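Protein chains in written order, with the UniProt record's numbering: chain A, 1 to 138; chain B, 1 to 155.
The beta carbon of each residue, even a glycine, is placed where N, CA and C say it ideally should be.
Nothing here was measured: the structure is a model prediction, and the numbers come from that model.
Below you'll find the structure, written out as structure tokens, and then a few comments.
Written as structure tokens, this is what we have:
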């Protein structure tokens with residue numbers, strides 16, 4: 001029985017894992033790489049949309065504009081029903097406060113528990129106050 | 001170190017493993033079974049094969065036996081042990097993911113996730129060729145190729 005079972009799943013072990021295990025594996029790559037996996041097959045088409053781990057880095061993009069468009073796309077295409085466990089946001093350069101606020105608002109409205117924001121910029125950037133008023137962050 | 005009690009684990013193939021209790025409680029699932037008093041005779045682990053179970057036991061033993069100190073040598077030793085531990089073929093890695101997830105060994109799981117994620121992330125052309133030849137895990141090639149494709153284009 002064991003052998004039969006093994007043969008039938010031998011072809012693609014990764015795809016046969018449950019969604020939550022695939023999410024955990026993909027939590028170790030950026031959300032960009034996770035979105036890219038959607039081209040693989042119907043099984044992978046929407047897996048990323050229920051990822052509870054979001055890690056955005058502007059390093060994956062040539063310009064901040066492309067980065068911000070990507071983030072907006074991810075937030076609007078993501079399954080709104082699924083809570084967010086952690087958000088990791090890293091950017092280099094000047095982004096608008098509204099952009100940061102949009103991500104933070106999304107995170108808080110989805111009960112985020114861990115939040116990491118890394119900003120590399122010469123000038124002072126003001127962050128919205130909301131992190132300090134969140135109830136879900138642990 | 002003296003062990004007071006031993007626990008019997010019965011796996012998928014019906015094989016039994018006798019393990020010291022301190023080692024057996026490393027996986028949280030087994031710890032909870034013992035706490036709940038389900039461990040009087042033997043603990044059945046129907047979804048774990050003997051190959052994987054002996055690997056898991058080996059891992060738990062190593063982690064229990066290594067003194068829990070801040071000593072650099074001990075830490076480095078444990079790290080290199082873990083590093084070698086996840087250097088398994090892909091089939092074994094996936095069996096380990098399922099077993100570890102069932103047994104709830106978080107530390108090691110994170111390490112295995114990281115290993116598989118690294119496989120997804122970056123592949124050299126030679127590695128991809130190798131993957132295609134092995135053909136055990138068709139999709140990793142796909143992921144590797146797509147990631148490389150996107151990397152070269154950079155959105």
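- Note on geometry: alpha-carbon atoms of residue 47 of chain B and residue 91 of chain A lie some 44 Å from one another.
- Separation of the CB atoms of residue 76 of chain A and residue 95 of chain A is rounded to 18 Å, and the pair is thereby denied contact status at 8 Å.
- Per DSSP, the continuous beta strand (DSSP E) segment holding residue 119 of chain A begins and ends at 114 to 120.
- In the three-state scheme derived from DSSP, where H, G and I count as helix and E and B as strand, residue 102 of chain B is classed as helix.
- Residue 81 of chain B has its alpha-carbon roughly 19 Å from the corresponding atom of residue 95 of chain B.
- Along the segment 59 to 116 of chain A, the beta strand (DSSP E) occurs as fully enclosed runs of 3 or more residues at 86 to 92, listed in sequence order.
- Taking residue 111 of chain B as reference, the option from B/103, B/93, B/54, B/121 with the minimal CA-CA separation is B/93.
- Straight-line measurement puts the Cα of residue 18 of chain B at about 10 Å from the Cα of residue 43 of chain B.
- For residue 56 of chain B, there is no enclosing beta strand (DSSP E); the residue is part of the alpha helix (DSSP H) that begins and ends at 50 to 65.
- According to the DSSP assignment, residue 80 of chain B belongs to the alpha helix (DSSP H) that extends over 72 to 85.
- Per the coordinates, the alpha-carbon of residue 45 of chain A lies some 9 Å from the alpha-carbon of residue 36 of chain A.
- Rounded to whole angstroms, the separation of the alpha carbons of residue 87 of chain A and residue 113 of chain A is 8 Å.
- In the structure shown, residue 46 of chain A adopts coil according to DSSP, grouped into three states.
- Listed along chain A is no residue with a C-beta nearer than 7 Å to that of residue 14 of chain B; the closest approach is about 11 Å.
- Here residue 100 of chain B is near residue 109 of chain B, since their CB atoms are less than 8 Å apart.
- Residue state for residue 13 of chain B is assigned as coil, using DSSP reduced to three classes.
- Around the C-beta of residue 23 of chain A, 16 or more other C-beta atoms lie within 10 Å, and the residue is accordingly described as buried.
- In this chain, residue 54 of chain A is not harboured by any alpha helix (DSSP H); it is covered by the beta strand (DSSP E) spanning 53 to 57.
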